[in-house]
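To convert, note that position 65 of the sequence shown is 122 in the numbering used here; the numbers rise steadily by one, no gaps.
Glycine is no exception: its CB is placed at the ideal position from the N, C-alpha and C atoms.
Please read these numbers as outputs of a predicted model, since none were measured by experiment.
Right, one structure below, let's go through it.
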Amino acid sequence: MDTVDGNFDFKSSTYSEVAQLVDVAERAILERGIRFTPQSVLHKLFADARKLDRDWRDSSRSPSLVTGINSVYAEKIARIVTDLIDAPGVEEALQRIAGSDINLSHRLKSQGKDALWELSLLTTLLRKQISAELVDPPDIVVELQMGSYAIACKKIYELKSLFSRLRDGAKQISKSGSPGVIALNIDDLLPGDHILTSQSPKVALDILSRETKRFFQQNFAAFDRIKEKSCLDGVLISASTISDISETSTRLNMTTSFNFYPFRNEGMEGDRFLELIRKLSPTGVIEKYTGRVIIHQ
58 MDTVDGNFDF KSSTYSEVAQ LVDVAERAIL ERGIRFTPQS VLHKLFADAR KLDRDWRDSS
118 RSPSLVTGIN SVYAEKIARI VTDLIDAPGV EEALQRIAGS DINLSHRLKS QGKDALWELS
178 LLTTLLRKQI SAELVDPPDI VVELQMGSYA IACKKIYELK SLFSRLRDGA KQISKSGSPG
238 VIALNIDDLL PGDHILTSQS PKVALDILSR ETKRFFQQNF AAFDRIKEKS CLDGVLISAS
298 TISDISETST RLNMTTSFNF YPFRNEGMEG DRFLELIRKL SPTGVIEKYT GRVIIHQ
């Protein structure tokens with residue numbers, strides 16, 4: 058089974074920009090009629106983003122690390138909300154996010170975090186000018202040159218459930234009637250209290266990508282059990298973490314990596330998967346050689 062390294066999706070914003078973004082996202086949530094209470098975790102995250110901006114402008118105050126981390130989470134969620142203001146069919150997912158424990162440092166199962174992964178991937182696809190929408194099943198359907206393509210979004214909280222999550226994802230794709238891939242998020246398998254430190258965004262992405270590769274290699278048997286499913290072209294594995302990057306103006310950032318594992322490199326299956334990868338990384342140059350496929354950014 059070959060691999061495609063597609064490390065991307067890094068953005069650094071000022072604290073003022075994050076506070077403004079949070080204001081826009083909160084208005085959008087309220088205008089959609091989504092229940093959003095002062096007791097919710099999301100309200101706390103948004104409040105901390107505003108607090109960090111105030112503390113940073115007031116040189117007499119020293120922002121706490123927790124406030125800084127919560128601000129990064131607030132930015133991630135607010136950016137998704139604002140990007141999807143006009144997207145159809147996202148209200149249920151937004152309600153789950155607004156009403157659940159979506160503190161991304163907590164290693165607990167959460168419907169809100171499941172919904173956040175779906176909307177996060179949808180946002181990434183739309184930012185890359187890929188036609189995509191929420192459809193159940195599978196979770197997301199994109200339009201490629203070769204037709205409709207299904208993406209089943211699965212988030213894993215413990216290793217023992219990996220195969221069952223992959224199996225469920227394959228069933229969702231089969232029910233959709235279109236070929237596709239499983240998009241697996243492994244954030245909650247990473248240490249919740251860990252901050253990735255690096256000099257540059259590229260180094261941070263490479264470190265995170267290596268963790269994803271290690272996860273795949275150590276759990277290869279689970280992926281190998283589903284690779285013969287005719288509807289499945291492969292698996293996309295995503296990981297995100299808080300990163301402290303010395304080159305950026307705001308030291309705390311969210312770094313996200315995507316790694317791709319095609320089950321077949323030839324025929325329509327391989328062509329479809331590579332088309333999706335090219336659309337996600339239009340500047341990438343794909344090299345093929347025996348036993349491996351690499352995409353350079």
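Exercise. Residue range of the alpha helix (DSSP H) that residue 239 falls in?
Worked result: Here residue 239 belongs to no alpha helix (DSSP H); instead the beta strand (DSSP E) covers 237-242.
For this session: Identify whether residue 128 lies in helix, strand or coil by the three-state DSSP scheme.
Result: helix
Problem set entry | Below-8 Å beta-carbon distance, residue 163 vs any chain B residue | Protein chain content of the structure displayed is limited to a single chain, and chain B is not contained in it.
Problem set entry | Same chain, Cβ closer than 6 Å to residue 131, five either side skipped, listed in chain order | 79, 102, 103, 106
Problem set entry | Reduced DSSP category for residue 144 - H, G, I as helix; E, B as strand; rest coil | coil
Problem set entry | Contact set for residue 120: own chain, Cβ-Cβ below 7 Å, skip 5 residues either direction | 109, 112, 113
Exercise. Is residue 129 closer than 8 Å to residue 243 when the C-beta atoms are compared?
Worked result: no
Problem set entry | contact_flag[the segment 207-224, the segment 165-175] where n(CB pairs < 8 Å) is 3 or more | yes
Exercise. For residue 261, which residues of its own chain have a beta-carbon under 7 Å away from its beta-carbon, when the five flanking residues on both sides are left out?
Worked result: 253, 255, 300, 302, 312
For this session: Within the same chain, show all residues whose beta-carbon is closer than 8 Å to that of residue 75, passing over the 5 residues directly before and after it, in chain order.
Result: 106, 109, 110, 128, 131, 132, 135
For this session: Output the distance between the C-alpha atoms of residue 292 and residue 229, rounded to the nearest integer angstrom.
Result: 14 Å
Exercise. Does the separation of the CB atoms of residue 326 and residue 290 fall below 8 Å?
Worked result: yes
Exercise. What separation, rounded to the nearest whole angstrom, lies between the Cα atoms of residue 231 and residue 194?
Worked result: 9 Å
Problem set entry | Where residue 300 falls: helix, strand or coil (DSSP) | strand
Exercise. Going straight from the alpha carbon of residue 275 to that of residue 251, what length do you get?
Worked result: 21 Å
For this session: Give me the Cβ distance between residue 338 and residue 266, rounded to the nearest whole Å; I'm assuming they're in contact under 8 Å.
Result: Wrong, their Cβ atoms sit about 13 Å apart, outside the cutoff.
Exercise. Relative to the alpha-carbon of residue 332, which residue among 238, 295, 116, 286 has its alpha-carbon at the smallest distance?
Worked result: 238
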